[in-house]
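Undergrad: Before we start, here is the structure in question, set down as structure tokens.
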Amino acid sequence: MAMENFRQFLVALFAAVLFGVVSIIFVLVWVLQYREGLAWDGALGEFNWHPLLMVTGFIFIQGIAIIVYRLPFTWQCSKLTMKFTHAGLHLVSFILAVISVVAVFDFHNGCKNPNMYSLHSWLGLTAVALYCLQLVLGVGIYLIPITPVYWRAAVMPLHIYSGLFLFTSVVAVALMGITEKLIFGLSDPKYKDLPPEAIFVNVLGLLLVIFGALILWIATRPSWKRPSDQVLNTLHTNGGGEDNTKVGPSLSQLTDGADSETTGDVRKRINKLDRADSLIAE
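As structure tokens, then:
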């Protein structure tokens with residue numbers, strides 16, 4: 229990665245983490261200062277776990293899981309290690325999302341309120357179910373050694389697209405949820421009168437949008453791929469030629485200090501380290 233691009237990556241990464249953490253802090257302040265705090269007793273405090281865990285797990289941790297392959301300090305790790313890290317973060321995100329859904333259902337049942345009547349609830353539960361399917365298929369296809377490589381190559385574009393689509397959908401559903409909460413939760417003054425809580429939560433929505441945009445930007449920049457993927461992409465593009473200057477860093481940087489390896493050596497080394505999966509661009 230060229231130094232200019234590397235600096236841009238660090239700025240984007242720092243900004244994404246900053247906006248994500250600030251979003252979590254905003255949710256925590258919202259439920260503690262403007263709502264009824266946190267509890268697990270069937271009252272409003274139990275409902276408040278829903279926005280907190282959704283933003284923390286289903287948005288922030290999921291976003292980090294999406295870009296974890298592109299973090300420079302992970303490039304020395306094997307591809308298998310990064311796969312387990314990627315899957316583990318998604319699993320934590322899913323568990324927190326499930327707990328938040330349980331909190332909502334438990335609160336509604338305790339208060340005798342109906343479940344699953346709003347568009348937010350329909351889309352939210354659909355996103356959780358599809359996320360579970362994405363996680364199961366991802367583990368089954370990319371972490372089980374017996375899965376044929378051509379299956380992995382065939383499914384990878386769909387895996388990438390569905391992951392980004394689900395992340396974007398979750399951010400959108402979260403915006404629907406916090407707006408719905410303000411409409412139903414504010415009575416005197418009402419949401420339309422723009423009291424301090426409404427302004428505070430509107431800012432939270434903006435933070436979530438910016439965080440989502442930064443994650444998508446980092447995840448879709450070709451020059452910020454894991455270096456082994458850049459090498460193989462160049463090999464495929466150039467037909468296996470010797471000139472790899474378009475990759476960005478030197479071959480020594482891309483192959484852990486191998487100063488004099490030929491293109492064929494690089495191909496063999498990466499195939500060995502990544503167990504043939506580096507043939508599929510992340």
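In the numbering used here, the protein residues as written are 229 to 510. The C-beta atom is built at its ideal place from N, Cα and C for all residues, glycine as well. Keep in mind the model is a prediction, meaning the values are calculated, not measured.
Would a C-beta distance cut-off of 7 Å place Val401 and Gly352 closer than the cut-off?
TA: For Val401 and Gly352, yes; Cβs fall inside 7 Å.
Undergrad: Among residues of its own chain, excluding the 5 on either side of Ala240, which ones have a beta-carbon nearer than 8 Å to its beta-carbon?
TA: Taken in chain order, the residues that qualify are Leu442, Trp445 and Ile446.
Undergrad: Quick check: the Cα distance between Val320 and Asp416, rounded to an integer number of angstroms?
TA: Taking the straight line from one Cα to the other gives about 38 Å.
Undergrad: Which residue wins for smallest C-alpha separation from Thr297, given the options Ile289, Gln304, Met310 and Phe288?
TA: Before going further, note that residue 297 is Tyr rather than Thr in the sequence given. The residue with the shortest Cα to Cα distance from Tyr297 is Met310.
Undergrad: Measuring only the C-alpha atoms, how far is Pro342 from Tyr419?
TA: The straight-line gap from Cα to Cα measures roughly 23 Å.
Undergrad: Would you decide whether Phe237 is buried or exposed? Buried here means 16 or more other CB atoms lie within 10 Å of its CB.
TA: Buried, by the Cβ-count rule.
Undergrad: Can you tell me whether DSSP reads Lys307 as helix, strand or coil?
TA: Correct three-state label for Lys307: helix.
Undergrad: What is the DSSP secondary structure of Ser346, counted as helix, strand or coil?
TA: Of the three classes helix, strand and coil, the one that applies to Ser346 here is coil, per DSSP.
Undergrad: For the alpha helix (DSSP H) that contains Met282, what are its first and last residues?
TA: Met282 -> no alpha helix (DSSP H), and no H or E assigned at all.
Undergrad: What is the residue span of the alpha helix (DSSP H) that Ala382 lies within?
TA: Here the alpha helix (DSSP H) through Ala382 covers Val377 to Gly413.
Undergrad: Residues bridged to Lys340 by DSSP?
TA: According to DSSP, which records beta bridges pairwise, Lys340 is partnered with nothing at all.
Undergrad: Looking at Leu432: is its Cβ nearer than 7 Å to the Cβ of Phe254?
TA: Going by C-beta atoms, Leu432 is nearer than 7 Å to Phe254.
Undergrad: Ordered along the chain, which non-local residues of its own chain (more than five positions away) have a Cβ less than 7 Å from that of Asp334?
TA: Excluding positions up to five away in sequence, the list reads Gly270 and Glu274.
Undergrad: Please work out which residues of its chain come closer than 6 Å, Cβ to Cβ, to Ala243, disregarding the five sequence neighbours upstream and downstream, and give them in chain order.
TA: Contacts found: Leu442.
Undergrad: Given a threshold of 16 other Cβ atoms within 10 Å of its Cβ, counted over all protein chains shown, does Ala331 qualify as buried or as exposed?
TA: So Ala331 ends up on the buried side.
Undergrad: With a threshold of 16 other CB atoms inside 10 Å of the CB of Asn178, please say whether the residue is buried or exposed.
TA: The requested residue 178 does not occur in the structure, where the chain is confined to residues 229 to 510.
Undergrad: Under the rule that 16 or more other beta-carbon atoms within 10 Å means buried, what is Ala357, buried or exposed?
TA: Counting Cβ neighbours within 10 Å, Ala357 comes out exposed, since fewer than 16 surround it.
Undergrad: Buried or exposed: where does Leu169 fall if 16 or more other Cβ atoms within 10 Å of its Cβ makes it buried?
TA: The structure shown does not extend to residue 169, since the chain spans only 229 to 510, so no value can be given for it.
Undergrad: I think Val250 touches Leu435, with their Cβ atoms under 8 Å apart; what is that distance to the nearest whole Å?
TA: With 8 Å as the limit, Val250 and Leu435 qualify as a contact, their Cβ atoms being about 6 Å apart.
Undergrad: Determine whether the beta carbon atoms of Ser328 and Trp277 lie at a separation below 7 Å.
TA: Yes, the pair counts as a contact, with Cβ atoms nearer than the cut-off.
Undergrad: Identify whether Lys418 lies in helix, strand or coil by the three-state DSSP scheme.
TA: Note: Lys418 maps to strand in three-state DSSP.
Undergrad: For Val307, count neighbouring C-beta atoms within 10 Å of its own C-beta (all shown protein chains included) and say buried if the count is 16 or more, exposed if not.
TA: With the sequence shown as reference, residue 307 is identified as Lys, and Val is not the correct amino acid for it. Per the 10 Å Cβ criterion, buried.
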